[in-house]
Amino acid sequence: MHLEILLVAAGVAAAAPAIDGHHRDQQVISNIQVGPRPYYLIDHMSDGPLKRKLESCSEQPITHAPAFSISHRGAPLQFPEHSREGMLAGARMGAGIIECDVAFTQDLQLVCRHSQCDLHTTTDILLHPELAAKCTVPFAPATDDTTAQAKCCTSDITLAEFKSLCAKMDSSNPNATTPEDYQYGGPSWRTELYDNCATPMEHNEYISLIQSLGLQFSPELKTPAVDMPFGGNYTQAMYAQQLIDDYKRHGIRPSRVWPQSFLEDDIHYWIKHEPAFGKQAIYLDERVDTAEGYRAAVASLPRLAKQGVRIMAPPIFALLNATADGEIVPSEYAVAAKKAGLDLITWSLERSGPLKKAAAEGEYYIQSIAEAITREGDMYRIVDVLARKVGVKGMFSDWPATVTYYANCMGLA
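Per mature numbering (1 follows the signal peptide of the UniProt record, and there is no 0), the sequence shown runs over residues -15 to -1, 1 to 398.
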């Protein structure tokens, strides 16, 4: 399969220091800790073979960081996303691959940020008056008729200014009348406990950190939220190339880098211009968000495979269906991708909060299987079907420990 190199390399990387030669600033993590959550989920599973199998591994040492376990934005279930602290938490939980969503600053430097224009909810920029004044939409307090407003983009500020910020849990208070009140308004199942001025990450810093940990990289080229070419001459192709150039400059082997994008043109750019990286580029497929788009996405899979695309990554719901008797089964998309010879990765586990409540509300990531969800332990039913029946090669998770435990118990690399 196309990801065999990844799976083998992750086991090696977790056991020994990386050898690409970049300066290390963090010790390779060999003492992987999954904490209590996997056990909590297992305790809340229905009785059956899967539960018994997972229970049988309860005292088994977690010995390696599987590439199957991909850290989504670090560990944002509890830590500020794309912060150094969150990435280290994901690594400690045994993720074999750590993600950095890549946006650009005003001075065309690359930083880790889920959206180009989310600084008002993921950092404390609004508490810095001189930087808040540069925001695309400065803070406006809530009124009787409107919610609080702000829009702050990485492209509004320089790299040095970005590095002066504190990362925080992604949230805002729509009823805020001051920037201070605006800082937190997230769901009760998230926490501010680790919001003590977490460290935002430049893309090059991310490369150095993950390299020092001996893990693998999955940078996502974020779709620009500003008109391109930015500043009149910074094109999408330049942006895509700059991302790859950072890894080349650090001497990182292409086999350890899994670039992602939602834009098909970015994938084809890498395939054509950087084939060593492009052959493992991940096409994030959000076309499935509508019924018409889903049908078009399924129909396009043979074409994409012929054009050199090797890895598709739709959200979880696009790969699963629920039967009338509550079984979770592979979807039409999953079957078509396998027929076309494409590998699959999916996103994002543990993003939905308490699973039973999320199912009742038809939450995005599990909308196609909501009727099959009856308890929190069904999280491992989802993981198991994706792994064994769909055959995904990796799974992005907001809390990597859940996937790390499963992969180690099932012997996945």
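Ideal Cβ positions, reconstructed from N, Cα and C, are used throughout, including at glycine.
All figures in this text were calculated on a predicted structure; none of them were measured in a lab.
Which partner residues of residue 446 appear in the DSSP bridge assignment? Residue coverage of the chain in this structure runs from -15 to 398, which leaves residue 446 outside it and unanswerable.
Would you decide whether THR107 is buried or exposed? Buried here means 16 or more other CB atoms lie within 10 Å of its CB. For this step, residue 107 is matched to residue 122 along the sequence shown. In summary, THR107 is buried, with 16 or more beta-carbon neighbours lying within 10 Å of its beta-carbon over all protein chains present.
Can you give me the start and stop residues for the alpha helix (DSSP H) that THR107 sits inside? Counting from one through the sequence shown, the residue named residue 107 turns up at place 122. Segment 104 to 107, the alpha helix (DSSP H) holding THR107.
By the 10 Å Cβ neighbour count, where 16 or more other Cβ atoms means buried, how is HIS8 classified, buried or exposed? One-based indexing of the sequence shown puts residue 8 at position 23. Bear in mind that the predicted position of HIS8 carries a pLDDT of just 41, short of 50, making it too unreliable to give a figure here.
Mind checking which residues open and close the alpha helix (DSSP H) that includes ALA282? Numbered from 1 along the sequence shown, position 297 holds the residue referred to as residue 282. Looking at the DSSP string, the run of the alpha helix (DSSP H) that includes ALA282 is 276 to 291.
In the region 137 to 211, which residue ranges form an unbroken alpha helix (DSSP H) of at least 4 residues, counting only runs that do not cross its ends? Annotation: the region 137 to 211 contains the following complete segments of the alpha helix (DSSP H) (minimum length 4 residues), in chain order: 144 to 148, 164 to 167, 188 to 198.
Report the three-state DSSP secondary structure of VAL377 (helix, strand or coil). In the sequence shown, counting from the first residue as 1, residue 377 sits at position 392. DSSP places VAL377 in coil when its eight states are reduced to three.
Please tell me whether ASN160 has its Cβ less than 7 Å away from any Cβ of chain B. In the displayed structure, chain B is absent; only one protein chain is listed.
Can you tell me whether ILE14 is helix, strand or coil according to DSSP? As a working mapping, residue 14 is identified with position 29 in the sequence shown. The answer is coil: DSSP assigns ILE14 none of H, G, I, E or B.
Specify, as a first and last residue, the run of the alpha helix (DSSP H) that ASN393 falls within. Your numbering for residue 393 matches position 408 in the sequence shown. 386 to 395 is the span of the alpha helix (DSSP H), which, as asked, contains ASN393.
Just mark ARG37 as buried or exposed, buried being the case when its beta carbon has 16 or more other beta carbons within 10 Å. The residue you call residue 37 lines up with position 52 of the sequence shown. ARG37 is exposed by the Cβ-count criterion.
Just to confirm, are CYS137 and CYS151 a CB contact at a threshold of 7 Å? Reading the sequence shown from its first residue, position 152 is the one you call residue 137. Reading the sequence shown from its first residue, position 166 is the one you call residue 151. When the beta-carbon positions are compared, CYS137 and CYS151 stay at least 7 Å from each other.
ALA135 versus MET364: straight-line alpha-carbon distance, rounded: Here residue 135 is taken as the residue at index 150 of the sequence shown, counted from 1. Here residue 364 is taken as the residue at index 379 of the sequence shown, counted from 1. Taking the straight line from one Cα to the other gives about 35 Å.
Does the separation of the CB atoms of ALA52 and GLY81 fall below 7 Å? In the sequence shown, the residue the question calls residue 52 occupies position 67. In the sequence shown, the residue the question calls residue 81 occupies position 96. Result yes, Cβ atoms of ALA52 and GLY81 sit closer than 7 Å.
Given a threshold of 16 other Cβ atoms within 10 Å of its Cβ, counted over all protein chains shown, does GLN63 qualify as buried or as exposed? Translated into the one-based positions of the sequence shown, residue 63 becomes position 78. It is buried - the Cβ of GLN63 has at least 16 other Cβ atoms within 10 Å.
With the cut-off set at 7 Å, would you say PHE215 and PRO164 are in Cβ contact? Residue numbering aside, residue 215 sits at position 230 when the sequence shown is read from its first letter. Residue numbering aside, residue 164 sits at position 179 when the sequence shown is read from its first letter. When the beta-carbon positions are compared, PHE215 and PRO164 stay at least 7 Å from each other.
Does the Cβ of TYR25 have 16 or more other Cβ atoms within 10 Å, making it buried, or fewer, making it exposed? Translated into the one-based positions of the sequence shown, residue 25 becomes position 40. With fewer than 16 other beta carbons inside 10 angstroms of its own, TYR25 counts as exposed.
What would DSSP say about SER54, mapped onto helix, strand or coil? For the purposes of this step, residue 54 is taken as residue 69 along the sequence shown, with counting starting at 1. In this structure, SER54 counts as strand in the three-state DSSP scheme.
Does the Cβ of VAL283 have 16 or more other Cβ atoms within 10 Å, making it buried, or fewer, making it exposed? Translated into the one-based positions of the sequence shown, residue 283 becomes position 298. Counting the other Cβ atoms within 10 Å of the Cβ of VAL283 gives 16 or more, which makes it buried.
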